[in-house]
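Chains as they are written, first to last, in the numbering used here: chain V, 70 to 407; chain F, 21 to 401; chain B, 10 to 354.
Take a look at the structure set out below.
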Amino acid sequence: MSNLIEVENLTVEFSGPSKGLFGKKGTPITAVDDVSLYIKKGEALGLVGESGSGKTTFGRALLRLQEPTSGQVKMHGQSGSKVITDLDAKSLRKAWQEMQMVFQDPQSSLNPRMTVMDSIAESLIVNGLAKNMEAAKPRVLEVAQSCGLSVDQLSRYPHAFSGGQRQRISIARALVMQPEFIICDEPVSALDVSIQAQILNLLIDQQQELDLTLLFISHDLIVVAYICDRIAVMYLGNIIEIAPTKDLFKLPLHPYTEALMSAIPSDDPDQQLMQAGISGEAIGNDATRQGCLFAPRCQYADKDKCQNVKPPLTEVNNNRLVACHYADKLTLNGFETI
Amino acid sequence: MSQTSPTPNQPNMVAANKVKSIRRLDLATSRQLMWYKFKRHKLAMIGTGIIFVFLLLSIFPEFISTTKPQLRDPAYSSGPPTGIHIFDEEWQIHWPFIYGHKMKRHPVTLRKLVVLDTDTRVPIEFFVRGEAYKFLGFIPADLHLFGTLGTQIHLFGTDKLGRDIFSRTIYATRVSMSIGIIGVMAAFFIGLAIGGLAGLKGGWVDNVIMRLIEFIRSIPSLPLWLGLAASLPREWSATTVYVVVTLILAALGWTTLARRVRSKLLTLQNEDFIQAARLAGCSNYRLVTKHMLPSFMSYLIVDLTVAFPYILLAETSLSFLGLGMREPMVSWGVLLFSAQNVTALAHTPWLLIPGGFILVIVIAFNFFGDGMRDAADPYTK
Amino acid sequence: MSDDYLLKVEDLTISLDVDKASIPIVEGVNFAIKPGRVFALVGESGSGKTIVSLSILRLLGKGVRITGGKILFKDNNGKTVDILKLNPKGKDIQAIRAAQIGMIFQEPMSSFSPVHTIGNQIEEVVNLHLDLDKKQARQKCIEMLGKVGIVNPERAFDQYPFEFSGGMRQRAMIARAMICNPKLLIADEPTTALDVTIQAQILKLMKNLQNELNMANLFISHNIGVIAQIADDVAIMYMGKIVEQGPVRDILRKPQHPYTKGLLRAIPHLADIGRSRRLEPIAGSVPNLFERPNGCPFAARCSQFIENICDRGFPEKTKLSPDHSVFCYAVAQDVNGSQMQEVVA
Ligand SMILES: Nc1ncnc2c1ncn2[C@@H]1O[C@H](COP(=O)(O)OP(=O)(O)OP(=O)(O)O)[C@@H](O)[C@H]1O
Ligand SMILES: Nc1ncnc2c1ncn2[C@@H]1O[C@H](COP(=O)(O)OP(=O)(O)OP(=O)(O)O)[C@@H](O)[C@H]1O
Ligand code: SF4
Ligand SMILES: [Mg+2]
Ligand SMILES: [Mg+2]
């Protein structure tokens with residue numbers, strides 16, 4: 070299968086908090102740190118990581134909703150290949166017809182002053198696929214129905230809908246132009262579990278039916294595991310491990326992946342997990358950091374290499390990509406039963 | 021394949037019907053929500069009523085007043101407000117009436133005095149024919165809301181020249197309110213344009229504009245008005261002065277608005293629904309007009325209602341100091357100007373009545389503004 | 010029912026004033042927390058968990074009114090007080106807050122005032138309830154900060170909330186809630202805003218402190234995994250009503266109420282990864298405030314819905330064991346049916 074998205078050395082920096090009276094710029098925060106990866110056509114790639122690890126920023130940078138500091142994003146869509154990072158404003162708007170995003174917060178992702186119908190139809194109209202509301206209506210109804218929205222409620226305003234329904238609306242809006250690639254930024258984090266399952270099923274079904282390529286961002290490892298074929302683990306802006314879902318769960322190769330897994334509270338009261346729970350918290354990433362970013366919290370870290378040399382994402386064992394000096398020497402615990 | 025997950029069962033919903041009498045807030049538009057929220061504010065509703073009355077006064081002053089602002093009643097100069105009576109000297113009840121009056125001199129001080137003539141009773145009549153005027157500026161008319169035939173009625177008394185304070189106050193309401201409204205509108209457009217420029221362009225444009233705003237705001241306002249107003253040539257006509265004063269006030273009032281517009285634009289740009297609209301392919305123009313402006317318009321209106329009393333008071337202060345409006349243009353400030361010296365106050369305290377109007381409208385606008393502030397964000401509880 | 014409770018909520022009903030009407034948002038809630046046990050409230054967003062916990066401390070906001078019921082609490086002197094009879098601004102409830110019932114609030118950001126140091130804000134609680142001099146009070150705070158796992162407690166004492174990360178702030182919250190050794194700790198989603206690794210740390214900490222101080226705990230969460238790890242007893246809430254209640258193992262392994270069953274099926278399980286991508290959601294969504302059904306609140310979404318029965322008022326309690334009870338017509342029919350069969354046989 071060929072690649073739909075190729076990311077090369079993508080870096081996003083934010084100017085740090087300014088210091089001193091005259092607003093001298095502080096050291097920039099590196100939110101996405103030299104990330105390279107690919108997403109295959111029709112694949113669902115998961116991106117997991119803790120809060121502040123740069124998942125949202127990465128997703129936005131792919132679409133250039135956030136301008137990257139450096140690096141390249143390529144897309145090999147049906148309309149031909151293009152370098153997203155080189156497009157001018159007009160071509161970028163055109164490219165967005167093929168790549169869309171579903172946002173995390175259902176409260177703020179819809180314009181409260183537009184009816185749901187108008188929100189879904191907007192891209193059809195501004196992109197010239199429909200002259201007016203009337204012409205856009207059949208497609209809007211079709212996509213709304215396939216997303217499980219009841220058609221007679223479309224003339225209502227967003228605040229009349231529950232969180233789950235709003236997420237359906239957001240998905241319908243993203244699908245209306247029939248894009249090839251969709252970024253889902255924590256689409257279910259704000260929802261109740263009983264609703265989460267509905268939305269996840271909707272995404273899975275739509276993906277299969279429309280042969281969509283997904284980048285699924287979440288901090289919930291299990292949810293990602295359900296949806297995705299491969300999982301990339303992010304820590305402070307770096308991809309520290311990327312592997313097919315089953316492989317990753319069976320045998321994590323990075324100590325941080327292991328820690329993430331062991332921290333998942335089991336729903337069996339007699340099964341005590343959290344043994345390998347790590348201590349401490351992530352400290353921000355900027356140019357002054359040396360060595361492995363995970364070293365301060367890592368129970369396997371040594372005093373020398375880990376503190377001074379940053380491990381690159383390299384291939385170890387059987388085609389697994391991981392960024393740890395000791396990846397091939399450590400034996401870490403996953404869930405062998407999977 | 022349909023993904024619908026409709027509610028599987030339809031249990032009878034007795035309770036749901038029971039609450040049907042409750043307003044379905046979830047089905048309301050944002051305007052309706054704002055209105056519901058605004059209505060909850062009793063004081064704001066009162067304020068709205070008062071503002072409405074003042075607007076009527078300034079639209080139809082010719083009809084409501086009894087005479088023209090410059091017309092003199094020499095027989096009643098410096099006369100006190102005419103008393104309205106129902107009972108006569110013999111405690112007989114009548115349709116409301118006023119007594120006639122005569123001019124006398126004080127036996128000792130020889131000051132002119134107005135003395136009631138209890139023998140003549142003049143009934144008050146509604147919709148009387150009186151002074152001719154042009155209704156709304158072009159329809160010839162002579163109908164007045166109320167008045168008397170024969171002896172003139174002076175509800176608020178008269179000034180030194182015998183001009184009717186009531187009529188003058190009503191006409192002044194038009195001038196003062198229109199300065200407030202025009203000033204606020206001008207400030208609104210300047211603020212929107214400059215704030216929009218700063219918020220959308222960013223970078224050095226933003227920087228320059230923000231510094232300019234800080235500069236303007238750091239100038240003490242009273243001396244600045246004084247300076248500007250004092251530099252107006254004396255030979256300008258009253259109308260020119262009116263226009264220029266309005267513009268001066270607007271030129272100083274836009275900064276708050278510009279700041280608000282800028283900060284709203286900056287925060288909105290990071291909102292998810294704006295990002296989603298960008299992804300949908302909206303041009304910048306559409307983003308601003310269709311998505312951003314409507315979501316902070318209500319905040320701008322709040323700022324405007326807060327700015328209005330300031331502009332009014334500024335105009336009043338200027339005119340009171342003799343630097344703003346001048347006769348024959350009458351504004352509230354101009355009216356108060358004549359109540360400046362102590363003797364005038366001691367002998368003709370009714371000259372202060374226009375001050376009461378200012379007080380009332382400023383308070384009304386503050387109440388109204390409070391309600392608007394609450395209603396501006398209809399989506400929070 | 011045994012009488013060894015620390016806190017007992019009886020028929021608690023709370024209403025919300027909307028326009029001129031008043032809509033019940035918590036209705037007929039009954040539960041008891043035993044000393045030293047962790048009692049968990051589970052439910053969807055908006056089911057009334059926070060409202061119940063706030064009513065125990067009489068901290069409800071404007072427009073939310075307690076319209077019936079009792080909250081019995083055995084205070085430090087061994088007396089039983091009905092908290093609902095106390096004046097919400099009076100001395101008696103203040104003596105109970107913090108000193109006897111500690112609380113960890115849902116929003117980690119707004120629970121500390123930004124303009125005072127962490128230390129000052131914890132010390133404030135000490136000064137209010139304990140008779141210690143300044144030095145002792147400070148010492149006690151620093152001790153407590155150390156106990157909740159803050160690395161340099163002396164330094165942390167003089168720091169401001171914004172200098173703390175979310176996890177640290179949550180630890181400080183726990184320190185403040187526990188400093189007076191309360192008999193009951195109310196924790197409203199204490200880990201929801203945290204990362205999994207931090208969540209694991211906080212849960213571990215709470216469990217240890219729990220064992221060490223033998224405190225009872227009202228723990229609110231909607232994360233089944235977290236509940237499984239920390240709770241002894243569980244009550245499942247739906248639209249302001251408790252629909253099932255019992256020991257944690259019974260609830261998680263032998264759920265009876267259709268909602269509980271649906272909820273447990275809807276969450277993704279580790280064991281199923283790679284088997285099936287689809288989940289089993291509960292159909293429909295929670296009706297909004299204006300569409301409260303008359304009968305069982307879950308009726309509209311229920312797979313075991315019985316027409317003309319389930320929509321006829323809230324079901325009676327069905328006891329499955331001394332501790333495990335369910336409010337459901339379908340379960341009641343099953344249980345009664347099998348009892349009948351037993352009688353026949
Ligand atoms: N506009 C911005 N300006 C400055 N810093 C930013 C900005 N947006 C994000 N950051 C910083 O970049 C880092 C990554 O943020 P990001 O939102 O991408 O994380 P995330 O993984 O999506 O986290 P979460 O799970 O909380 O959504 C954080 O340290 C954040 O503080
Ligand atoms: N101050 C308030 N004003 C109006 N409605 C309120 C208020 N507080 C709570 N409610 C309503 O009461 C209901 C119960 O709210 P509550 O906060 O107890 O839910 P919860 O179970 O804690 O949910 P979550 O999991 O989201 O915290 C909700 O429908 C909510 O909208
Ligand atoms: S490189 Fe070292 S510090 Fe980093 S994860 Fe591997 S062992 Fe731990
Ligand atoms: Mg994010
Ligand atoms: Mg809550």
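Ideal Cβ placement from N, Cα and C applies to all residues, glycine included.
Here the structure is a predicted model, which means the values were calculated and not measured.
Query: Candidates V344(B), R67(B), G57(B), L203(B): closest to G111(B) by CA position; Result: R67(B)
Query: Ligand 1 heavy atom lying under 7 Å from the CB of I98(V); Result: yes
Query: Contact list for the stretch 367 to 395 of chain V against chain B, Cβ threshold 8 Å; Result: none
Query: Contact with chain V by T126(B), beta-carbon distance below 8 Å; Result: no
Query: Residue-chain proximity (R149(F), chain V), Cβ-Cβ < 8 Å; Result: no
Query: V135(B) versus Q103(B): straight-line alpha-carbon distance, rounded; Result: 13 Å
Query: Closer than 8 Å at the beta carbon, the chain D residues around V235(B); Result: Structure shown: chain D not included; protein chains present are V, F and B.
Query: E145(F) beta carbon less than 8 Å from that of L169(F); Result: yes
Query: Supposed close pair T178(F), S97(F) - CB separation, criterion 8 Å; Result: 6 Å
Query: Cβ-heavy atom distance, T125(V) to ligand 4, below 7 Å; Result: yes
Query: Of the listed residues G123(V), L283(V), Q176(V), nearest to D103(V) (C-alpha basis); Result: G123(V)
Query: In DSSP terms, what G45(B) is bridged to; Result: According to DSSP, G45(B) bridges with nothing at all.
Query: R254(F) to G353(F) span [Cα, whole Å]; Result: 18 Å
Query: C-beta contact flag for S188(V) and I238(V) at 8 Å; Result: yes
Query: Beta carbon proximity, Q289(F) to chain V, threshold 8 Å; Result: no
Query: Contact test: E198(B) Cβ vs ligand 5 heavy atom, cutoff 7 Å; Result: yes
Query: Nearest-angstrom beta carbon gap, A351(V) and G121(V) [assumed within contact, 8 Å]; Result: 7 Å
Query: Beta-carbon contacts of D26(B) that lie in its chain and below 6 Å, excluding the five residues immediately before and after; Result: G72
Query: Simplified DSSP assignment, three categories, for V205(B); Result: helix
Query: Status (buried if at least 16 other CB within 10 Å, exposed otherwise) for P191(B); Result: buried
Query: Any C-beta of chain V under 8 Å from that of I197(B); Result: For the record, residue 197(B) in the displayed sequence is Asp; it is not Ile. Not closer than 8 Å to any Cβ of chain V, the Cβ of D197(B) fails to qualify, so no.
Query: CB contact below 8 Å: R208(V) versus chain F; Result: no
Query: Any C-beta of chain V under 8 Å from that of P267(B); Result: no
Query: Cβ neighbour criterion (16 or more within 10 Å) applied to G247(F); Result: exposed
Query: Assigned exposure category for Q135(V) - 16 Cβ within 10 Å defines buried; Result: buried
Query: Cβ neighbours of A270(F) in the same chain (closer than 6 Å, five flanking residues each side left out); Result: G203, A206, A207
Query: Separation of V293(V) from L69(B), as counted between CA atoms; Result: 38 Å
Query: For G103(F), the first and last residue of its enclosing beta strand (DSSP E); Result: From DSSP, G103(F) is part of no beta strand (DSSP E); its letter is neither H nor E.
Query: Runs of beta strand (DSSP E) wholly within the stretch 322 to 370 of chain F (minimum 3 residues, chain order); Result: none
Query: Distance cut-off 7 Å: F340(F) Cβ against heavy atoms of ligand 1; Result: no
Query: Exposure of V385(V), with buried meaning 16 or more beta-carbon neighbours within 10 Å; Result: exposed
Query: Residue interval of the beta strand (DSSP E) (run including L390(V)); Result: 389 to 391
Query: Closest residue to A30(B) among R74(B), V38(B), P44(B) (Cα-Cα distance); Result: R74(B)
Query: Residue interval of the alpha helix (DSSP H) (run including C375(V)); Result: 374 to 377
Query: The stretch 277 to 287 of chain V contacting the stretch 361 to 372 of chain V, beta-carbon criterion three pairs below 8 Å; Result: no
Query: Spatially closest choice to E80(V) from N354(V), G403(V), H394(V), by CA coordinates; Result: Note that residue 80(V) is Thr in the sequence shown here, rather than Glu. That would be N354(V), whose Cα lies nearest to the Cα of T80(V).
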